[in-house]
Every structure is written in C-alpha cells, then in structure tokens.
Amino acid sequence: MTEIPEHLLKRAQAAREKAAGATGADAAPAGDRIPDALLDRTKSAGAGAAAVVATAPAAGLPVGAGPGGHTQRLLTVVKSGSIQEAKAAPVDKVHTWPHLLAVEFVASLAMLAALFIFSWVVNAPLLKAADFNQTPNPSKAPWYFLGLQELLTMFHPMIAGVTLPGVGILALILAPYLDRNPSNKPEDRKFMTAMMTMFLIFWAVLTIIGSFFRGPGFNFTFPWRDGIFFEL
Amino acid sequence: MAKVLDNPRPTLKERAAKAGQQVQGSQVWNSIFRPGSIFRKGYTDSPRNRSYVIMNSVLYHLHPVKVKRHAVKVSYTLCLGGLSFFLFILLTVTGIFLMFFYRPTGANAWQDIQTLQTSVTFGLLIRNMHRWAAHLMVLSVFLHMARVFYHGAYKPPREFNWVIGVVLLTLTLLLSFTGYLLPWDQLALWAVTVGTNMMGYTPVMGSQVRFVLLGGVEIGSETLLRWYVLHVIMLPFVIIIFMAIHFWRVRKDGGISGPL
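These protein sequence lines are chains V and A, in that order. Numbers given in the working numbering equal positions in the first sequence, counted from 1, plus 702. Numbers given in the working numbering equal positions in the second sequence, counted from 1, plus 191.
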C-alpha cells in the first residue's frame, strides 16, 4: 500500500486532537475502536430479536462516527499521476476535418492519377508461359530480394539466405528496445541515424548491383555495355 | 400597357434550388446523412460540425476529431503510411477485378492473363495498375519505415507499434512475392524458383517449410493454387488484422510522434 505522506499524517493528527478537545474525554473509551451504537446494533441482530433497534446515538456523536468522533475516514492516498495524467501544457491541435482529411484526399488523388497514367503508358511484363525445361539466363528474384540474391554470390546460402536477413529483421524488431536514448532530436541520435543510413545504403547498393549489374550466369556486367537484365 | 404579374413564374434556377431544398429536407436524405454530414441541410462550418464529420463517419472515425497541428504537415510524414494504406485499398479493388478472369492452375493461368490483357475491357489497364501499385506499396512501406526510424518515432510509448510495423513490412513483401508467381510466365516461375531455393537453407526445418509452401518438392500447379490462396485470402486477412492494430495503436500511443 502506498505510504501516507507525512504532511497528511500531521494534518490527521491535528484534526484528531482538535476533535478530542471539542467532545471531551467521554466521547469514546480509549482502546474501544467500535462505537457503542454499532455494537448495540450488531448485538440485537445477532440475537435474532424482531424488535426494531432504536438505540439512541451516543451523546454528541452522530451514528457511524469513527474513533475520535470522525465522520470522515481516509481510505487511501492516491498520488497524482498514478491514475490521472496531468497535462502540463495544452497541445496545439487542429480539427481533422478539414485540415487532415483534405491533405489525405489530395494525396490519394495525386497517387491515383499518377498510377493511372503510368499504367496507361507502361505495360506490366508478361513473358512466355512458364516452361520448366527452359531456364532463363540469368534467373532473378523479384527486385526486393535481389539484395539477398547478391549476398548469395558472396556467402554460403545458409548465411546469405537465412542468417543475415533473419538477423536484419530481428535487429529491426529489437531496435526500440536496444536504443535506450529517449531523445527524438536528430542532433542527439547521430549514432542511430548513421547506423540506419549505413544499413539502408548497404541494402540499396546490393539491390542495385543485383538488379542492373548482373548478367547471364549472374556474372558482373555493366548495363551500358551489355544491356539491362532486369524485369519488374 | 404591360401587364405586371403579381406572381411571376419561377425561373429554372429557382425551381432547381427549391427541388434541392426539398430533397435535402426529406426523410430519406436525413436518414442517410447523419448530423454533421456536409451533405445535410443547413451544414455550417462550425467546430461542432467539424467534430461531427469525423465522429459520424465509419470511415473517417479512424481519425481522432482533433490532431496535433504539426501532424498535418506533409513535410513531416510525407503521407507515406497513409499512401501505403491507400495502395492496399487500390490493390484490393483491382485484385478483385482480376480474380474474375483468373484460374490458378498450370494449364489456365498464363492463358487467362493473356486473354485478360487482349480481350477484357480495361483488363490490361487494371492488371498494370495492380502490378505497379504492388511494387509501389513495397517501396512506400519501406520508405515509411525509414521515415519513422529517422524521426525516432519508435521510441516509448510506440515501441510495440514499430514491431507491428516490421511485421506489416514482412507481410507486404510476402503478399508481393506470392502475387509474383500468379501470371505463371517465365519471369514468375524462375523468380519464385530462385526465391524459394533460398528458403530451403533454413536450418532444421528448411526443406519442410519449402515443401509446405510449394505443395511438393518442386514448383508446380499445386504451388500456384497455394500461393493464390495465400495471396488473395490468407495474407490479406492477416495483414488487415495487423493494420487494424497498427492504426489503433497510433491513436492509443498519443497520435503520431513529434514534433522534433
């Protein structure tokens, strides 16, 4: 249970003394924690008496008063912040409609228009029907896996195809738990920014090499010399 | 002497305005558009109605009624998360269209795509949109992740939403990869062959995982059916659940992060 702060204890003590001074020593016998009125009521109920108990309240004390004549009791002390969030400063807010919805609407329309026009002009590839007896050279994975395929040329498949991507995804998942720096200011988090940038560049370079610099037999080529071996 | 009409005949414009008023005041109209709708009669741009627009719309109430002022700045989010979601919706719509013309069997798949492109009205356009939107979604989800990282938005209290985001990125890649096989052309077959060969090197259970995913030891008609089911039902089902949690957590974690 929460410890009662000292100033509250002091205040309670002062109030108790004040109450004791006002009602006198006969208010409640020392050590008797339960008022007579309640005791009487319990007794009559326990005896099974049908008579309505109408015990007169002790002189000068309301029914149900606590020891020392208190009519209020401190059940517990709840520290602020444990159940309520005190808002330190008001947040500058705007209405979602129209401020956010308008932006979203324009962004979606622009995206739809761009996609529509691009799809009108550029056709999705459809090569010859699948043929198990004819392996194209080179055979490439979809572009987002070409970084992995590029790694396969350097490491054992167990490392390149499973371990490294597994570690990569795990590192991403664990990033918020490993990065103990609470700040989100770019100047405070140069290390993490550098790490992520290196990771992204590493990945982008691998993907670009796998996409454009790999020709027949997945051997290194220059796209301007031998052409591009890449389909989206 | 010209006769002056006490009660001139209403012009066409006045009649149209009156008809519009009557429609907007009708019971049918009012039952469709809830209070605060901009289509309702007497809509005024008041703070109360601005709140109602969000609260009384099943679609918009994904948003809170009010957002932080900096959260609506395009230069902060670049709209990447929202556009990823929008692309997902576009992919769902175009994908449903494609499903009408496609049979996931080795004998039919390629021919169906060919027929779709040459004989179905807008078939080629819709297939193009589906394919390019798919590539674009992989890109936008990836860029969204980079944006969130550089803003440090994965920090408390948003750690778990970042984890869900990584799951969503993985699911997006899987959705794209399973869809890659479906045209059943040389590109699809051999790209997936390369991709799934990597999977076989997973320690302990690599070959079993590969067997389950391919429906055999090699890619074939069974693979096509499995990946079709994964692509059109199972993975979308899973990703929608994770997206729901992702969006909900954005709000529960106090809106988007920042400002920097």
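C-beta atoms are modelled at their ideal positions from N, C-alpha and C, and glycine is treated no differently. Nothing here was measured: the structure is a model prediction, and the numbers come from that model.
Distance, residue 925/V Cα to residue 392/A Cα: 31 Å
Any chain A beta carbon closer than 8 Å to residue 855/V: Residue 855/V has a beta carbon lying at 8 Å or more from every beta carbon in chain A.
Cutoff 7 Å; reference residue 277/A; Cβ partners in own chain excluding five residues on either side: none
Counted within 10 angstroms of its Cβ, other Cβ atoms place residue 218/A as buried (16 or more) or exposed: exposed
Where the alpha helix (DSSP H) containing residue 358/A begins and where it ends: In the DSSP assignment, residue 358/A falls within the unbroken alpha helix (DSSP H) covering 350-372.
Sequence ranges, alpha helix (DSSP H) only - wholly within the region 252-286 of chain A, length at least 4: You should have 265-268.
Spatial distance of residue 352/A from residue 435/A (CA atoms): 11 Å
Residue environment, residue 813/V, which counts as buried when at least 16 other CB atoms sit within 10 Å: Label assigned to residue 813/V: buried.
Local Cβ density within 10 Å of residue 204/A, reported as buried at 16 or more and exposed below that: exposed
Cβ of residue 399/A within 8 Å of any chain V Cβ: no
Endpoints, the alpha helix (DSSP H) within which residue 437/A is located: Secondary structure note for residue 437/A: its alpha helix (DSSP H) is the uninterrupted segment 426-443.
Euclidean distance between Cα positions of residue 770/V and residue 450/A: 55 Å
Buried/exposed call for residue 335/A, threshold 16 Cβ in 10 Å: buried
Short-range partners of chain A found in the region 886-917 of chain V, where Cβ spacing is below 7 Å: Answer in chain order: 886, 887, 888, 891, 895, 898, 902.
Residues from the region 304-327 of chain A in contact with chain V, defined by Cβ distance under 9 Å: 304, 305, 308, 315, 316, 317, 318, 319, 320, 321, 322, 323, 324, 326, 327
Cβ of residue 404/A within 8 Å of any chain V Cβ: Not one chain V Cβ lies under 8 Å of residue 404/A.
Best match in 874/V, 934/V, 899/V, 824/V for proximity to residue 843/V [C-alpha to C-alpha]: 934/V
Cβ neighbours of residue 401/A in the same chain (closer than 7 Å, five flanking residues each side left out): 387, 390, 391
Check whether residue 433/A and residue 359/A have beta carbons under 8 Å apart: yes
Coarse secondary structure for residue 824/V, derived from DSSP in three states: coil
Coarse secondary structure for residue 346/A, derived from DSSP in three states: coil
Cβ neighbour criterion (16 or more within 10 Å) applied to residue 227/A: With a threshold of 16 other beta carbon atoms within 10 Å, residue 227/A meets it and is buried.
Interfacial residues, the region 375-397 of chain A to chain V, with Cβ spacing under 9 Å: 375, 376, 377, 378, 379, 380, 381, 382, 383, 384, 385, 386, 388, 389, 390, 391, 392, 393, 394, 397
CB contact flag (residue 832/V, residue 444/A, <8 Å): no
Nearest-angstrom Cβ-Cβ length linking residue 271/A and residue 338/A, presumed shorter than 8 Å: 6 Å
Any C-beta of chain V under 8 Å from that of residue 249/A: no
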